[in-house]
Amino acid sequence: MDAWRIEVRTKQGLPDPAGAAAKAALATAGLELSGPVASRRGYLLGAGLSAAEVERFARDVLADPVTDRFAIEAPGRRVPAEPGRVTVRPKPGVTDQVAHSVRKALRDSGLRDVEVGTYQVFVAPPSEDVALRHAAEQCLANEVVHDVLIGEWPLGLPGAGGTADLSVHVVPLRGLDDAALDAVSRDGGLALDTREMRTVQAHYLALGREPRLIELETIAQTWSEHCKHKTLTGRIDFDGEIIDNLLKSEIARVTRTLDREFCVSVFEDNAGVIDFDGEDCLCIKVETHNHPSAIEPFGGAATGVGGVIRDILGTGLAARPVANTDVFCFAPIDLPEREVPTGCLHPRRVFLGVVAGVRDYGNPMGIPTVHGAVHFDPDFVGNPLVYVGNIGILPRDRVSKAVQPGDRIVAVGGRTGRDGIHGATFSSLELHTESETVSSGAVQIGDPITERKVMDLVLRARDEGLFSSITDCGAGGFSSAVGEMAKGLGADVDLANAPLKYQGLAPWEIWVSEAQERMVMSVPPGRLERLLALCAEEDVEACVLGTFCDSGKLVLRHGDVVHGELDLEFLHEGLPVFLRKATWKPRALRDPTLAPETDFAGALLRVLADPNVASKEWIVRQYDHEVQAGSAGKPFVGRRADGPGDGSVVAPKLGSSRGFVVSSGLNPRYSRIDPAAMAECAIDEAMRNVVACGGDPEFTAILDNYCWASCKRPESLGELVRATRALCEVALHYKTPFVSGKDSLNNEFKAGERTIAIPGCILVTALSVVPDVSRTITSAPRHDDAYLYLVGVTKRELGGSVYWKTRGELGASVPRVDKVQGKQVLDGVHRAIKARAISACHDLSEGGLGAAAAEMVIGGRVGLSIDLDLVRVEGSLRPEEALFCESQSRFLCEVPRERAADFEQNLYQTPFARIGAFDRGARDLSVRHGGRELLRVPIAELLRAWKGTLDLDGSLQGDLT
Amino acid sequence: MSSTTRKPKALILRAPGINCERETFHAFELAGAAPEYVHVKRLRAQPQLVDGFDLFVAPGGFAYGDDIASGRVLANELRAAVGERLIALVERGGLVLGICNGFQMLTRLGILPRTNRGELVQEVALTHNLSDHYECRWVTLKSPRNRCVFLDEGLTLRVPAAHGEGRLQAKDEQLARILDEEGYTAFVYVDESGERTERYPANPNGSPRAIAGLTDATGRVLGLMPHPDRAYLPHHDPLWREEGLAAKPDGMVIFDAMVRTARAEAR
């Protein structure tokens with residue numbers, strides 16, 4: 002379809018940051034260019050506008066009169082190719098939000114509402130087309146969602162969507178053998194295994210008919226690992242011991258046994274709900290969006306953020322989201338190209354795309370991203386991990402919800418398209434070399450403004466009491482949302498009522514599409530009119546999909562034709578219980594025999610520069626952590642706002658100083674030695690971080706988020722069982738209930754013969770309510786000459802440490818948690834903080850004492866001297882062991898001299914030692930051992946090492962003093 | 411009603427993508443105004459609503475996703491609907507505030523800096539940061555000698571900036587000079603020694619002449635990129651632990667000054 006083409010570029014002589022960024026990006030893809038790259042924004046407007054109208058609209062709206070100039074090409078005109086030109090445009094069907102806004106602006110300008118498209122252009126100095134295309138596809142576009150043109154101009158807009166296949170499809174299963182059933186599952190992308198297919202076959206045999214396509218799709222979505230967690234809830238044969246439902250027998254048991262009063266709603270709703278101040282509750286949920294982020298990092302991460310926000314919005318009768326969290330695991334961003342398997346994106350690209358995706362969804366939503374972490378390991382090359390979390394606030398009297406028969410099924414928000422089909426089943430499979438091409442339909446691009454409008458609408462409707470229940474459209478789309486809400490009742494749905502992005506969707510596609518930014522509510526008939534009026538006020542599209550009833554059946558129609566009829570009992574309870582084998586054998590590892598360290602200053606700087614320790618400020622500054630005006634403790638702290646915070650502090654109710662601390666713990670590297678150590682350390686680290694900020698360990702809720710390799714392998718599942726037990730044992734002793742959790746299994750990548758499995762990884766997120774945020778502290782020292790105390794015991798535990806990593810070793814002596822001592826340390830430090838005897842507190846994690854001390858020096862811009870001989874150790878330790886081991890349950894505390902006695906009194910049960918003192922006059926960190934100086938490093942050098950590694954554009958280097 | 415007890419009415423604009431309206435509302439409430447949300451759809455249907463307010467406030471956010479350019483689509487929507495009424499509000503003694511995205515929108519609308527005091531023409535653009543990405547960090551602002559009726563010269567504020575398009579580009583060098591020399595520049599970014607700076611990170615976006623905020627010819631319109639609406643409670647400041655909780659947080663200074671002025675000058 003021919004269209005007007007308008008290209009807008011920066012006026013001569015003005016900076017073109019997008020062009021400069023493109024040039025830098027092309028250079029990382031190996032294309033060194035002789036001159037600058039110029040960027041342009043391209044717009045396609047339907048040919049129905051006149052030349053004068055297009056000219057006026059371009060001048061008034063598309064181009065900025067101060068900074069831009071523009072060129073217009075008439076519909077159908079062939080523009081001569083421009084050498085060095087790269088055009089990046091969304092593939093047909095991919096969300097193009099800018100185009101929607103341009104259409105709105107056309108209407109606002111009194112012009113005809115024509116079809117609109119957008120694209121980007123980069124004009125580089127002439128170079129070989131093949132090389133230019135290759136580099137552009139590496140860093141300026143992603144073939145999953147973009148088309149790339151070299152040289153030529155785009156001609157027009159994509160045509161209409163085509164006609165829909167509205168016929169009712171039957172899938173014959175009768176008489177099929179196992180191989181044939183597997184083929185049906187595989188070819189249909191259902192991700193159901195043989196036993197499940199047999200169960201479905203038997204069900205329909207008993208009904209005396211064959212399943213219809215839409216019914217099979219519904220079953221596949223509902224029974225997916227993503228939705229049902231069948232591995233963790235199934236039966237496990239663990240070296241002969243039968244475990245019935247690991248989730249219940251371990252995780253939920255901790256919560257049940259502890260029976261904490263602050264838990265309001267746990268494992269029932271979309272998110273865990275805890276009490277905040279008697280009047281309101283906090284809701285918290287952490288999700289993963291790994292598979293989509295592997296294929297399309299920007300869209301995958303963005304829609305992950307959008308999804309978890311909707312989870313919170315769909316908790317109770319709608320909570321208001323107040324904070325985001327994000328934790329990533331990537332392969333090293335400097336991984337040599339040849340080590341990246343075919344079918345995987347380069348980790349640098351994944352990293353940049355994921356960070357941009359979180360930024361460009363969270364920021365426009367107006368939800369602060371307050372806390373995060375990043376971990377690097379080569380085995381994340383095929384399966385990067387993207388954990389996204391959200392915390393919301395929910396009035397106590399809006400916690401429970403119940404659909405009533407007769408309620409209307411109302412869907413609000415984005416339109417339904419062919420995007421995201423089979424996301425739930427896709428995430429339940431392993432990725433492989435071809436995943437990028439066959440599963441692209443599972444990837445979506447988010448539209449945060451639509452979600453923001455939905456959020457504003459839903460919260461107004463909640464306050465007016467206009468719906469009886471609500472849930473989000475996540476994995477499985479309408480099929481999961483409506484199917485879940487209709488549980489125990491029934492529903493009658495007419496899919497023809499769903500507004501579509503374009504024509505051509507078959508009813509089953511509408512039903513399972515995971516198009517973003519949609520919520521489903523049950524609305525009593527008497528409230529429907531008011532709800533629809535609110536939708537109009539808030540500019541939100543709404544449709545009545547059908548009615549909830551009490552038939553026990555889910556009836557799916559398209560107009561007058563019934564496309565499917567499912568028995569809800571079978572759908573929700575019919576899934577056969579799994580029995581999976583699990584086994585665990587300790588790994589044959591040993592500690593390396595290394596020559597004693599001779600260069601301690603160099604060793605410390607290498608540890609600080611390791612990407613797992615190095616400053617993540619380049620990422621964090623791109624997130625809005627201040628919006629909503631709740632921030633009372635920032636991600637970066639201290640005089641120059643560049644010291645690492647252990648957690649973030651938020652006061653979510655304006656005008657109240659009651660708040661919460663949120664933080665997390667994760668270290669998959671320990672899993673390479675022992676997954677039990679990994680799990681224990683994750684919870685201990687999360688608790689340390691919360692306590693270091695001033696959170697109360699007695700009033701902390703935690704979340705467990707698993708990412709694991711394929712649990713079809715008994716060794717892998719055995720690791721998971723072992724990790725879970727270790728995690729729960731500590732949680733029980735720490736009295737921290739799990740309030741929510743999630744698992745993402747099958748994080749494996751098949752590259753030819755080679756399988757790359759991720760190390761088992763549990764992210765523990767901790768949330769602690771604090772009565773007064775003005776009693777919280779940070780890791781940045783505040784005084785000129787305070788003492789430095791080290792709380793906890795230092796052990797010979799260099800296994801899995803960053804220090805050994807910098808020497809190319811893994812080792813075996815991984816840190817373990819002594820839960821009794823760990824609890825005493827947490828309680829003691831908290832008591833001392835409460836007594837105001839600690840003015841700054843930092844937990845010891847990756848990089849051990851050396852890294853933590855250096856980070857405090859950075860945060861406070863204050864000199865520090867430490868004597869290693871004073872450290873409380875178990876046995877006798879070499880200085881590099883004392884300085885760099887990652888023993889758990891340890892804190893560094895800045896204690897004002899006059900508060901020392903009080904501090905020591907509050908730590909009565911706890912091992913501690915005064916190991917040094919700060920000195921405002923000194924400008925370095927010095928460490929002594931055995932009466933001699935081991936190292937003395939100026940602050941500027943610490944800063945250079947710590948900030949240099951992940952400073953992707955050199956911006957952090959401006960402040961090294 | 412006596413002028414000392416009357417609460418000035420503040421219109422807090424809502425629109426798809428505006429996302430700082432709650433804190434802005436609360437800050438004005440604390441300052442003694444009577445804020446009220448008005449959605450842009452309602453405003454288009456009833457443009458005369460503007461006439462009933464003393465203050466018009468465009469909060470921060472990403473109106474319409476900042477598609478095309480920051481604030482562009484909203485400015486285009488408002489121009490026809492309420493452009494003239496905004497001018498009338500200012501000319502009859504009302505006050506206008508645009509924070510971050512609101513500031514971007516007001517410049518595209520042409521109500522800032524409106525050096526000719528005539529019809530709405532865009533004279534400056536807030537465009538992409540030199541880093542080409544969004545950035546959130548606390549900065550220090552200082553008011554040079556300026557026309558704004560409620561800002562004192564020398565006022566220094568610590569407030570957070572959080573934007574991707576904050577580099578202020580004037581349409582030509584002559585206007586850039588006028589902005590500085592004739593008091594349109596309401597705020598500049600300053601470094602640790604209190605001097606205006608074009609250097610990152612004290613100036614987070616590379617804005618020439620370090621301009622962070624503007625006023626108009628009447629001195630009754632203020633736009634600024636950083637967020638006083640995130641610096642109006644004592645625990646907002648990043649250094650409250652080091653320096654103690656402030657009795658009057660920096661951001662509150664602006665809200666107080668506006669409400670005080672509106673109250674004193676209202677008929």
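So the protein lines, in turn, are chains U and F. Positions in the first sequence are counted from 1; adding 1 to them yields my numbering. Positions in the second sequence are counted from 1; adding 410 to them yields my numbering. Think of the CB as a built atom: it goes at the ideal place given N, C-alpha and C, for glycine as much as any other residue. Bear in mind the structure is a predicted one, so any value in this text is a computation, not a measurement.
Item: Taking just the CA atoms, how far does R755/U sit from T343/U?; Value: 11 Å
Item: Pull up the CB-CB distance for S840/U and E895/U, whole angstroms please, since I reckon it's below 8 Å.; Value: 5 Å
Item: Kindly indicate if chain F contains any beta-carbon less than 7 Å away from that of H626/U.; Value: yes
Item: Classify W5/U as helix, strand or coil using the three-state DSSP reduction.; Value: strand
Item: Straight-line CA distance for L551/F to E518/U?; Value: 38 Å
Item: Closer than 6 Å by C-beta to P93/U: which residues in its own chain qualify, once you throw out the five before and the five after it? Chain order, please.; Value: P159
Item: Could you have a look at Q579/F and say whether DSSP puts it in helix, strand or coil?; Value: strand
Item: Is the CB-CB distance between T548/U and D493/U below 7 Å?; Value: yes
Item: Please work out which residues of its chain come closer than 6 Å, Cβ to Cβ, to G478/U, disregarding the five sequence neighbours upstream and downstream, and give them in chain order.; Value: V513, S514, E515
Item: Name the chain F residues whose beta carbon is nearer than 7 Å to that of Q98/U?; Value: G475, D477
Item: Given a threshold of 16 other Cβ atoms within 10 Å of its Cβ, counted over all protein chains shown, does K586/U qualify as buried or as exposed?; Value: exposed
Item: Does the ligand ADP have a heavy atom nearer than 6 Å to the CB of G656/U?; Value: Inclusion of the ligand ADP in the displayed structure is not the case, the ligand content being empty and no account of it being possible.
Item: Strictly under 7 Å for the Cβ-Cβ distance: is L551/F near chain U by that measure?; Value: no
Item: So, does the CB of C510/F fall closer than 7 Å to a CB anywhere in chain U?; Value: no
Item: Mind listing which residues of the stretch 636-663 of chain U have their C-beta closer than 9 Å to chain F's C-betas, in chain order?; Value: F637, V638, G639, R640, A642, V650, A652, L655, G656, S658, G660
Item: So which residues on chain F does S632/U lean against when the C-beta distance must stay under 8 Å?; Value: R640, H646
Item: Let's test the definition: count the other Cβ atoms within 10 Å of the Cβ of V131/U and tell me whether it reaches 16, buried, or not, exposed.; Value: exposed
Item: Residues in the same chain with beta-carbon distance under 6 Å from D601/F, minus the five sequence neighbours each way, listed in chain order, please.; Value: T607, A612
Item: DSSP three-state call for S186/U: helix, strand or coil?; Value: helix
Item: Cα-Cα, which of G801/U, A732/U, V638/U, L458/U is closest to P593/U?; Value: G801/U
Item: For P457/F and chain U, any beta-carbon pair shorter than 7 Å?; Value: no
Item: Apply the 10 Å Cβ neighbour rule to D65/U and answer buried if 16 or more other Cβ atoms are within range, or exposed otherwise.; Value: buried
Item: Please tell me whether K502/U has its Cβ less than 7 Å away from any Cβ of chain F.; Value: no
Item: Using C-beta distances below 6 Å, list every residue in its chain close to T438/U, excluding the 5 sequence neighbours before and after it, in chain order.; Value: For T438/U, the predicted structure reports a pLDDT of 44, less than 50, and the residue's modelled location is therefore unreliable. A value from the coordinates is still provided. If we look at T438/U and ignore the five residues flanking it on each side, it has no Cβ neighbours.
Item: Could you please tell me which residues of the stretch 10-39 of chain U, in chain order, have their CB closer than 8 Å to any CB of chain F?; Value: L15, P16, P18, A19, A21, A22
Item: Touch check for the stretch 443-463 of chain F and the stretch 474-481 of chain F: three-plus C-beta pairs under 8 Å?; Value: no
Item: How about G648/U and V662/U: do their beta carbons lie closer than 7 Å?; Value: yes
Item: What does L63/U reach in chain F if we use C-beta pairs closer than 8 Å?; Value: I478
Item: Using three-state DSSP, classify G363/U as helix, strand or coil.; Value: helix
Item: Measure the beta-carbon distance from A833/U to L943/U and round it to whole angstroms, keeping in mind my assumption that it falls under 8 Å.; Value: Their Cβ separation, rounded to whole angstroms, is 27 Å, which puts A833/U and L943/U out of contact at 8 Å.
Item: For A106/U, would you say it is in contact with chain F, using Cβ-to-Cβ distances shorter than 7 Å as the test?; Value: yes
Item: Starting from R360/U, find everything on chain F with Cβ-Cβ shorter than 7 Å and list it in chain order.; Value: Y544
Item: Taking only the alpha-carbon atoms, compute the straight-line gap between S110/U and P782/U and give it to the nearest angstrom.; Value: 56 Å
Item: Return the first residue and the last residue of the alpha helix (DSSP H) that L206/U is part of.; Value: 195-208
Item: Using 7 Å as the limit for Cβ to Cβ distance, is H573/F near chain U?; Value: no
Item: Among the residues of its own chain, which have a CB less than 7 Å from the CB of S727/U, if the five just before and after it don't count?; Value: Correcting the residue identity first, residue 727/U is Ala in this sequence and not Ser. Only A677, A680, E681 meet the Cβ criterion.
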